[in-house]
Amino acid sequence: MLDKLEAIKERYLHLEEQLSDPETVSDMKRFKKISKEYKDLQPIIKAHEEYATLLGNVATAKEMLKEDDAEMKEMAEMELSEYNERLEVLEEEIKVLLIPKDPEDEKDVIVEIRSGTGGDEASIFAGDLYKMYLRFFESQKWKVEVISENPGTVGGYSKVVLEIAGDDVFGKLKYESGAHRVQRVPKTESQGRVHTSAATVVVMPKFEMEDVNINKADLERQTFRSSGAGGQHVNKTESGVRYIHKPTGVVSESTDGRSQIKNSEIALQRLYVKIYEMQKSQHESKVANQRRSLVGSGDRSDKIRTYNYPQNRVTDHRIGLTLYSLDKIVQGDIGGIIEALQVADNAEKLKEGAENAAG
């Protein structure tokens, strides 16, 4: 571990030199990239400095144990116990810090929320999820753009598409992809019976062309007249956009936005995600399968999380987490769930790293 930390420190000092280089400062794109990496390494550097100090203190305390003075020995033993305790905790913290970050974690995202099984109640629940996420986004100080909203017949939404920009957006929201199940007495239910309905959430990282191995010449762009939500405006113009990646035959399209420009952007993002996943799975299928969030059909049984209103309970089925604070969670207080999922994900990565090292 010390070797890794020393190598990271060398990289950190090299980046520090580059940031003061006039050539770097004059190239804004390069300067931003280096600044980002420099800032990301700071927590590891800080932990390394504390680790080195603790090791020095342990060595000093061990020397003190050799003294004849009983009082000095007792003090050294107490200090040594404290230092070793902190070292143990710090080593675990450093192991987590050394886990390679998913390159997508820093990216902005496109979020799609759709009603699943459950009729009108599913649309109402999709609307509740939409409000929950908006409050969470606000707490994170992220920028939100609503691309399209398709209202349900008695409230809520059949589909909502959002674009979210900010710090570490995909890194936090990627765990939300999947089927969300609700158990409650619907507003539309006159008998007071508890119903189960579902809504699906898809979180897609926003890619740029250089992030994915795609040649522009391999893309065919088509426009078409779209129908549905948006009214007559979209029927009069060819606002729908479709992209075809000729080498693979992958197709993506969008009619979510009201303008051809916005639909072109969304369709491209969907294509980038499809191609990226395809390329990634070719050489990293095991990891890709673990990281990729499968949404499925939106069926109630295909669930990642259940929101039980009668018991004020929320359960995340992937990590067996149950919280009796649904009232706060639906108000946007989902940070604790996301942190628990991140911890579980990091634990899995640490386990994989240990197994690979042993193998």
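Numbering (my numbering) for the sequence shown: 952 to 1310.
The C-beta atom is built at its ideal place from N, Cα and C for all residues, glycine as well.
Burial state of residue i, where buried means 16 or more other Cβ atoms lie within 10 Å
{"i": "Met-952", "result": "exposed"}
{"i": "Lys-1123", "result": "buried"}
{"i": "Phe-1175", "result": "exposed"}
{"i": "Ser-971", "result": "exposed"}
{"i": "His-1196", "result": "buried"}
{"i": "Leu-956", "result": "buried"}
{"i": "Ile-995", "result": "buried"}
{"i": "Ile-1217", "result": "buried"}
{"i": "His-1268", "result": "exposed"}
{"i": "Asp-1169", "result": "exposed"}
{"i": "Gly-1078", "result": "buried"}
{"i": "Leu-1210", "result": "The amino acid occupying residue 1210 in the given sequence is Ser; Leu does not appear at that position. Result: exposed."}
{"i": "Arg-1172", "result": "exposed"}
{"i": "Ala-1073", "result": "buried"}
{"i": "Lys-1254", "result": "buried"}
{"i": "Tyr-1227", "result": "buried"}
{"i": "Val-1040", "result": "exposed"}
{"i": "Ile-1212", "result": "exposed"}
Where residue i sits in the DSSP three-state scheme
{"i": "Val-1372", "result": "Residue 1372 falls outside the range modelled here, since the chain spans only 952 to 1310, and no answer is possible."}
{"i": "Ser-1090", "result": "helix"}
{"i": "Ser-1099", "result": "strand"}
{"i": "Leu-956", "result": "helix"}
{"i": "Pro-1261", "result": "coil"}
{"i": "Asp-1267", "result": "strand"}
{"i": "Val-1105", "result": "coil"}
{"i": "Leu-1049", "result": "coil"}
{"i": "Gln-1282", "result": "coil"}
{"i": "Glu-1189", "result": "coil"}
{"i": "Ser-1244", "result": "Low confidence applies to Ser-1244: its pLDDT is 38, below 50, so where it sits in the model is not reliable enough to give any reading."}
{"i": "Ala-1128", "result": "Inspection of the sequence shows that residue 1128 is occupied by Ser rather than by Ala. The answer is coil: DSSP assigns Ser-1128 none of H, G, I, E or B."}
Whole-number beta carbon distance between residue j and residue i, since they are thought to touch under 8 Å
{"i": "Ala-1150", "j": "Leu-1080", "result": "6 Å"}
{"i": "Val-1095", "j": "Ile-1115", "result": "6 Å"}
{"i": "Gly-1117", "j": "Lys-1092", "result": "7 Å"}
{"i": "Val-1154", "j": "Glu-1127", "result": "5 Å"}
Chain-order list of residues whose beta-carbon lies under 6 Å from that of residue i (same chain, five-residue window excluded)
{"i": "Gly-1008", "result": "According to the sequence displayed, residue 1008 carries Asn and not Gly. For Asn-1008, where only same-chain residues beyond five positions count, the Cβ hits under 6 Å are Tyr-1034."}
{"i": "Lys-1300", "result": "Ile-1050"}
{"i": "Val-1136", "result": "Gly-1143 and Val-1145"}
{"i": "Thr-1206", "result": "Ser-1177 and Gly-1191"}
{"i": "Ile-1045", "result": "Ala-998"}
{"i": "Val-1294", "result": "none"}
Close beta carbons around residue i, own chain, < 7 Å, minus the five adjacent residues each side
{"i": "Ala-958", "result": "none"}
{"i": "Lys-1157", "result": "Lys-1058, Asp-1059, Val-1060, Ile-1061 and Gln-1220"}
{"i": "Ser-1215", "result": "Val-1192"}
{"i": "Leu-1222", "result": "Tyr-1194, His-1196, Val-1201 and Ser-1203"}
{"i": "Gly-1271", "result": "none"}
Residue i Cβ short of 7 Å to the ligand SAM heavy atom set
{"i": "Arg-1037", "result": "This structure simply doesn't include the ligand SAM, nor any ligand for that matter."}
Close beta carbons around residue i, own chain, < 8 Å, minus the five adjacent residues each side
{"i": "Lys-1024", "result": "Met-1015, Leu-1016 and Glu-1018"}
{"i": "Leu-1031", "result": "Val-1009, Ala-1012, Lys-1013 and Leu-1016"}
{"i": "Leu-966", "result": "Ile-985, Glu-988, Tyr-989 and Leu-992"}
{"i": "Gln-969", "result": "Thr-975 and Ile-985"}
{"i": "Phe-982", "result": "Leu-970, Thr-975 and Val-976"}
Exercise for the section: Taking 8 Å as the threshold, find out whether the segment 1065-1077 comes into contact with the segment 1094-1114 through three or more Cβ pairs. Expected result: yes
Exercise for the section: Could you tell me whether the segment 1051-1059 touches the segment 993-1001, using the rule of 3 or more Cβ pairs below 8 Å? Expected result: Contact fails between the segment 1051-1059 and the segment 993-1001, because fewer than three Cβ pairs, one in each stretch, are under 8 Å apart.
Exercise for the section: State whether the segment 1005-1023 contacts the segment 978-991, with contact taken as three or more CB pairs (one from each stretch) at a distance under 8 Å. Expected result: With the rule of 3 Cβ pairs closer than 8 Å, the segment 1005-1023 does not count as touching the segment 978-991.
Handout entry: Segment contact flag, the segment 1081-1088 with the segment 1270-1284, C-beta cutoff 8 Å, min 3 pairs
Key = yes
Handout entry: Cβ contact check for the segment 1197-1205 and the segment 1252-1263: 3 or more pairs under 8 Å
Key = Contact fails: fewer than three Cβ-Cβ distances are below 8 Å.
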